[in-house]
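Heads up: the protein sequence lines correspond to chains A and B, in order. With the UniProt record's numbering, the residue at position 34 of the first sequence is 34, and numbering never jumps. With the UniProt record's numbering, the residue at position 203 of the second sequence is 203, and numbering never jumps.
Number of protein chains: 2
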Amino acid sequence: MAGEAGASTGRRCPTRRTGRGQATCDRLRRVAACLFVARGYDGVSLDEIVQAAGGSKTNIYAFYGGKEGLFVAAIEAALGEVLRPLTEADTRGLALEEGLTRLGQALIDALLSPKALALHRTLIGETGRFPRLGAAWYAAGPATSQAAFAGFLARALAAGEDAGRAPGDPSEIAVLARLFHDMVAGDLQQRALFETEPAGVAERAAAVAAAVRAVEALVARRG
Amino acid sequence: MAGEAGASTGRRCPTRRTGRGQATCDRLRRVAACLFVARGYDGVSLDEIVQAAGGSKTNIYAFYGGKEGLFVAAIEAALGEVLRPLTEADTRGLALEEGLTRLGQALIDALLSPKALALHRTLIGETGRFPRLGAAWYAAGPATSQAAFAGFLARALAAGEDAGRAPGDPSEIAVLARLFHDMVAGDLQQRALFETEPAGVAERAAAVAAAVRAVEALVARRG
DNA sequence: TATGAACGATACTGGTCGGTATCATTTCAT
DNA sequence: ATGAAATGATACCGACCAGTATCGTTCATA
């Protein structure tokens, strides 16, 4: 409910923010993001954030309207960074197998990173209290990855060796992208989230390879 | 740390539990399961559980050793029930497509049920505090489903129309089962967990159908 | 039925936390 | 420079909560 708007009572949102104020505001958000991601909403107290970031609780109410506003701002800022390596991967000119393998590796490495796992855990627990954040996570996560896969698939299938075939219905490509995403991420992510140790390099590579082989089989069989 | 053992201090664990006591013990666990699953560990107070279930806080310490013990007992009891319809599904004698479709439907319906979603959300948030529960969830969830798929695949491939082929390496079948599981559950489960409305019947059926088609393509191509 | 253990209700304790109030200090526009 | 606004530090309030203590009531067994 509370964004960056002013608090209901007490200190008003400043109309003329100081340079120092802006720095404190940013510092609070960064520190809060670390702590919230690591230990969840209820696991972190405002006093702890203030102690680690400097400033005072007064700032939190002036800048973010309260604990909930700070949480939303901190998480939203952290969301975009998780899949950065995937969206920035350059796959132009790569053949189907090579490009999918590279994208799949980037995805699984991003998803199994400690930060992504912690963010996932924190967000899923707070989707009830902050529905907007849940939707934002899906958009910045699975939806973004699938779009990246679909973009590459469309190019690779249009320009591939079997270019004589149908160029690939967009919806068919979207399904393919979704299946690939799920085959790469599904099980390894679940295990990383619920068990203690995430999968090692070999297991990740094997999962990606299996998913790539499956997509190739689907492509070869498509009519 | 605390199972059903006695509390560290205060009232000791009774050596001769009364009939009424047993009933209260069960009622506490059932009510606690509902509340914990719905609102998480921190979201429920002992007073609330006691008020809803009858009995008194004293029982919680006598029977379960404290809040953590009650949480573990309640969640563990709830774990086994989620995938009941999947493990009880009878697929003997069914062909590949029909059996996979039935199993896939059972899986997705179980995973998207409100109870399973709430349990998933609660557990994932508490995996840090209760690692044992996270592992138990994976074992009772994905691992169980995959085993069910693998069992059916082994039978179907051995007895199928193309029985003349290799009977199917067990590890190959396990990979196939994992891929099928992930293709059925992955995206729809993510969306249900993070967005507000779970997918409808049509979308579920489409996801299952796509996964079944993919498995058929893989089976046809295997060598 | 008598008796000791198990159980239920309730109040209390020590601690934590979100949010507010207060006041001293710093910043910046004039 | 100067004063009004912004910021920092701190104390405080009310609410909540896990866990304990106490005592009256109920049950099971002998």
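Ideal placement from N, C-alpha and C gives every residue a C-beta, glycine not left out. Small disclaimer: the values here were computed from a predicted structure and weren't measured.
Three-state class that DSSP yields for residue i in the structure shown
i	result
T87 of chain A	helix
Y61 of chain B	helix
A95 of chain B	coil
T9 of chain B	Interpretation of T9 of chain B is limited by its pLDDT of 45, a score under 50 that renders its predicted location unreliable; the figure taken from the coordinates is listed afterwards. The answer is coil: DSSP assigns T9 of chain B none of H, G, I, E or B.
E195 of chain A	coil
A2 of chain A	Reliability fails at A2 of chain A, whose pLDDT of 35 lies under 50, so the model's placement of it is uncertain and the value that follows must be treated cautiously. If DSSP states are grouped into helix, strand and coil, A2 of chain A belongs with coil.
T18 of chain B	coil
G42 of chain B	It should be pointed out that residue 42 of chain B corresponds to Asp in this sequence rather than to Gly. Of the three classes helix, strand and coil, the one that applies to D42 of chain B here is coil, per DSSP.
F130 of chain B	coil
G80 of chain A	helix
S171 of chain A	helix
L112 of chain A	coil
V215 of chain B	helix
S56 of chain A	coil
G186 of chain B	helix
A66 of chain B	Per the sequence presented here, residue 66 of chain B reads as Gly, with Ala not at that position. Three-state result, G66 of chain B: coil.
G200 of chain B	coil
Closest residue to residue i among the options (Cα-Cα distance)
i	options	result
residue 224 of chain B	B:A202, B:V44 and B:E76	This structure cannot speak to residue 224 of chain B, because chain B is shown only from 1 to 223.
A174 of chain A	A:L157, A:D187 and A:G19	A:L157
F152 of chain A	A:L70, A:V72, A:D47 and A:D90	A:D90
R12 of chain A	A:Q22, A:A23, A:I60 and A:G54	A:I60
I108 of chain B	B:E216, B:V219, B:A206 and B:R221	B:A206
A118 of chain B	B:Q146, B:E172 and B:G40	B:G40
Q189 of chain A	A:A38, A:G134 and A:P142	A:P142
P170 of chain A	A:M183, A:R155, A:V184 and A:D182	A:R155
L112 of chain B	B:G55, B:D187 and B:L96	B:D187
R132 of chain A	A:L103, A:A148, A:P14 and A:E68	A:E68
A140 of chain B	B:T87, B:A62, B:V212 and B:F180	B:T87
V201 of chain B	B:Q146, B:G55, B:A106 and B:G80	B:A106
I124 of chain A	B:D26, B:T18, B:E195 and B:G54	B:E195
A148 of chain B	B:R121, B:G134 and B:H181	B:H181
A23 of chain A	A:R121, A:G54 and A:A159	A:G54
A74 of chain A	A:T122, A:A110 and A:R92	A:T122
A159 of chain A	A:R20, A:G21 and A:R92	A:R92
E197 of chain A	A:R221, A:G168, A:G21 and A:P114	A:P114
Same chain only: Cβ atoms within 7 Å of residue i, ignoring 5 sequence neighbours per side
i	result
I49 of chain B	L28, V31, A32 and L35
R191 of chain A	A199
A78 of chain B	A33, V37 and L119
V208 of chain A	T101, G104, Q105, I108 and V184
A136 of chain A	E76 and L79
A110 of chain A	V82, L83, P85, L86 and A116
A150 of chain A	I173, A174 and A177
G21 of chain B	P14
Other residues of its chain near residue i: CB distance less than 8 Å, five sequence neighbours each side excluded
i	result
L52 of chain B	What sits at residue 52 of chain B in the sequence shown is Ala, not Leu. Correct list, in chain order: V31 and L35.
D47 of chain A	K57
T144 of chain A	L83, L86 and T87
Q146 of chain B	A174, A177, R178 and H181
A211 of chain B	L100, G104, F180, M183 and V184
E4 of chain A	With a pLDDT of only 39 at E4 of chain A, under the threshold of 50, the placement of this residue in the model should not be trusted, and no figure is reported.
Spatial neighbours of residue i in its chain, beta-carbon cut-off 6 Å, leaving aside the 5 residues before and after
i	result
R16 of chain B	none
E203 of chain B	none
T9 of chain B	Note on T9 of chain B: pLDDT 45, under 50, position unreliable in the model; the coordinate value appears next. Excluding positions up to five away in sequence, the list is empty.
C25 of chain B	F63
G134 of chain B	T127
L70 of chain B	A32, I60 and Y64
G19 of chain B	none
Integer-rounded CB distance, given that residue j should sit under 8 Å from residue i
i	j	result
L100 of chain A	A214 of chain B	Wrong, their Cβ atoms sit about 15 Å apart, outside the cutoff.
E97 of chain B	E216 of chain B	7 Å
G104 of chain B	V184 of chain B	4 Å
residue 227 of chain B	L193 of chain A	Missing from the structure shown is residue 227 of chain B; chain B here goes from 1 to 223 and no further.
V72 of chain B	F130 of chain B	6 Å
Contacting positions in the stretch 176-206 of chain A - beta carbon closer than 8 Å to chain B: Cβ contacts with chain B: R178, L179, H181, D182, M183, A185, G186, D187, Q190, R191, L193, F194, E195 and T196.
Taking any Cβ of chain A, which residues in the stretch 120-153 of chain B have a Cβ under 7 Å from it, in chain order? When C-beta distances to chain A are compared with 7 Å, the residues of the stretch 120-153 of chain B below that value are R121, I124, G125, T127, P131, G134, A135, W137, Y138 and P142, in chain order.
Name the residues in the stretch 205-219 of chain B whose C-beta lies less than 7 Å from a C-beta of chain A; which are they? Of all residues in the stretch 205-219 of chain B, only A210, A214, A217 and L218 place a beta-carbon less than 7 Å from a beta-carbon of chain A.
For the UniProt domain "HTH tetR-type" (22-82) of chain A, which residues have a beta carbon sitting closer than 7 Å to at least one beta carbon of chain B? So the close ones are G40 and D42.
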